[in-house]
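Just below is one structure, and these are the notes that go with it.
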Amino acid sequence: MPFHHPRFHRGPMHSWIMPVGGLLPLIVLKILSKNPMHGYQIEEELSKLINREVPEGFIYGLLKRLESKGLVTFQWETPQSGPARKVYKLTEEGEIYLKERIKSIELIKPIINYLLS
1107 MPFHHPRFHR
1117 GPMHSWIMPV
1127 GGLLPLIVLK
1137 ILSKNPMHGY
1147 QIEEELSKLI
1157 NREVPEGFIY
1167 GLLKRLESKG
1177 LVTFQWETPQ
1187 SGPARKVYKL
1197 TEEGEIYLKE
1207 RIKSIELIKP
1217 IINYLLS
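Taken in order, the sequence shown gives residues 1107 to 1223; the numbers are from my numbering.
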């Protein structure tokens, strides 16, 4: 009999996120640790990394949550053509948080390798 649990069957939106679920905020923080970016750039980078299209608007909700926790901040950029846009960057607190979470992930790396073998 197949394993069925309501948490793992939440429809099409959930199926794209399942493999990376709780890691998405960390992935976005890691992306921003390299360079400040606007939302669309982050979305493109994230899509490449997880090999899936990110649902429209998803990234902005995530960025808002990261901002509310003090992990990212933004500045308005006004290009010569087109609308103004927010350029997000990692805060000092965000850098510390990311480093701490990466250390935690490194501790379970042997377990992940075991599961993948």
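The beta carbon of each residue, even a glycine, is placed where N, CA and C say it ideally should be. Computed from a prediction, not measured in an experiment: that's the story for all the values here.
Span of the beta strand (DSSP E), counted from its first residue to its last, around residue i
i, result
"Val1178", "1178-1183"
"Lys1170", "Where Lys1170 is concerned, there is no enclosing beta strand (DSSP E), although the alpha helix (DSSP H) it sits in stretches over 1164-1174."
Alpha helix (DSSP H) segment containing residue i, residue limits
i, result
"Val1134", "1130-1140"
"Lys1154", "1145-1156"
Anticipated Cβ contact below 8 Å, residue i with residue j, distance rounded
i, j, result
"Lys1192", "Gly1145", "7 Å"
"Val1134", "Leu1152", "7 Å"
"Glu1201", "Ser1139", "7 Å"
"Ala1190", "Glu1199", "Their Cβ separation, rounded to whole angstroms, is 26 Å, which puts Ala1190 and Glu1199 out of contact at 8 Å."
Whether residue i touches residue j by CB criterion (9 Å)
i, j, result
"Leu1130", "Ile1208", "no"
"Lys1215", "Pro1142", "no"
"Lys1136", "Leu1204", "yes"
Beta bridge counterpart(s) of residue i as assigned by DSSP
i, result
"Tyr1194", "Met1143, Phe1180"
Nonlocal neighbours in the same chain, by C-beta distance under 6 Å from residue i, ignoring five residues either side
i, result
"Ile1165", "Gly1145, Ile1148, Glu1149"
"Phe1114", "Any reading at Phe1114 is ruled out, since the residue's pLDDT is 46, under 50, leaving its predicted position unreliable."
8 Å CB neighbourhood of residue i in its chain, flanking five on each side removed
i, result
"Thr1197", "Gly1176, Leu1177, Val1178, Thr1179"
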